[in-house]
Every structure is written in C-alpha cells, then in structure tokens.
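Numbering (my numbering), first residue to last: -16 to 145.
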Amino acid sequence: MTDSFWYPSVEDILDIHEDIVSESPNTGPGVRSRGDVEFALEYVSEGSFGSVPETIHEKAFHLLRLLVANHPFVDGNKRTALNTTTVFYLLNGYQFEYDDEIREILTKFGTDEKAVDEDDVLEYLRAHTTEVALNEVVERWRGDLVEYGLDQLSDESSDPND
C-alpha cells in the first residue's frame, strides 16, 4: 500500500528513546526488541492480517498502542510512544496537544491493552489534534534548527578521529 504519510524510521524511534533516556536519570537504557519497533512501523504503514489503519488518527492509535503494549524498550516505552506519535502527527501536518488523559490511555495500553476502547481513543486523538501548515512550524523553529545544525557540525568537526 502506498500512501502520502511520513513515517518515522526505526532509527528515528531509537533516537527519540535515546533522548528520553539521556534526559531522565531514572530511566534505564536499552532496547528489548528492535523487531517490535519494526513491527509497529510496518503495521502502521502497511497493516497486517488484512487490516490496515487508514486515517492519520488510526495510524497514531496503533503507533501508541504497539510501542507501549509490546514494551520494546527496557524503560520509557510510554514516553517514547507519546513523543514518536507527536512527531508523526507534526510531520504529517497536525499538532497533537494532549492533556493528562493521555497518561491513563498509555497506562492502559501498558497494563491491559484489551481494556482500551479504540473508538474512545480515536475520538480523543481527533479532539486533541489540529491541522498546521508545516512550513509555518518550520519557520517558527528556524532559528533553533539552524543553531542545532551548527552545533552538530561543530561536534562532528571536533572529533579527533577525523
């Protein structure tokens, strides 16, 4: 199936997880199953067993669900799923502004996935996303992006192994 959505790569998700671990001293590092991350991305983009999530909200639902319920990381699964989904939405032209209710949803995915009502979560996702013009978002962040890029260049050029 070919669609016009942007999907994170496995490496993108691993980078998001690594950032979460580096910013949270009480979060243990480690990947339990890279295959579970790969499966989540494959399911969201291609589907499985004849079922394919079609809308952006269905895709976001399953991205959250699979990255939490399958516990691919030693720690930080819920935060990684939430951050990945936020980036997924943004790079597809939506801003996801969640509230405390998302914690309950993520906790249920992690402890009793079958207790989660998909329709309720889809309604929550629809109610907490708004379309944005990606070029306007990039323009607002341009200074930060340029500074980040320059920092990356200076970090790479200071590598004594070059």
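Even glycine gets a Cβ: it sits at the ideal position worked out from N, Cα and C.
Check                                                                                                                         : Outcome
Three-state class that DSSP yields for Y(-10) in the structure shown                                                          : coil
Runs of alpha helix (DSSP H) lying entirely within the segment 67 to 101, each at least 4 residues, in chain order            : 84 to 94
Entirely enclosed alpha helix (DSSP H) segments - the segment -2 to 30, minimum 4 residues                                    : 17 to 29
Presumed contact (8 Å Cβ cut-off) between A43 and L133, rounded CB distance                                                   : Actually they do not touch by this definition, with Cβ atoms about 32 Å apart.
The segment 80 to 93 in contact with the segment 117 to 127 per 3-pair CB rule at 8 Å                                         : no
Where L65 sits in the DSSP three-state scheme                                                                                 : helix
Neighbourhood of E101 by C-beta, 7 Å cutoff - its chain only, sequence neighbours within 5 removed                            : F44
Status (buried if at least 16 other CB within 10 Å, exposed otherwise) for R17                                                : exposed
Cα-Cα separation between E130 and K97, rounded to whole angstroms                                                             : 44 Å
Contacts around D2, its chain only, beta-carbon distance under 6 Å, and the 5 residues preceding and following it disregarded : none
F44 - DSSP class collapsed to helix/strand/coil                                                                               : helix
Reference V57, options I39, W(-11), E106 and G11, closest by Cα                                                               : G11
Three-state class that DSSP yields for E114 in the structure shown                                                            : strand
Same chain, Cβ closer than 6 Å to H54, five either side skipped, listed in chain order                                        : N60
CB contact below 8 Å: E96 versus chain D                                                                                      : The chain labelled as chain D is not found in the depicted structure, where only one protein chain is given.
H0 burial status per 10 Å Cβ neighbour count (16 or more: buried)                                                             : buried
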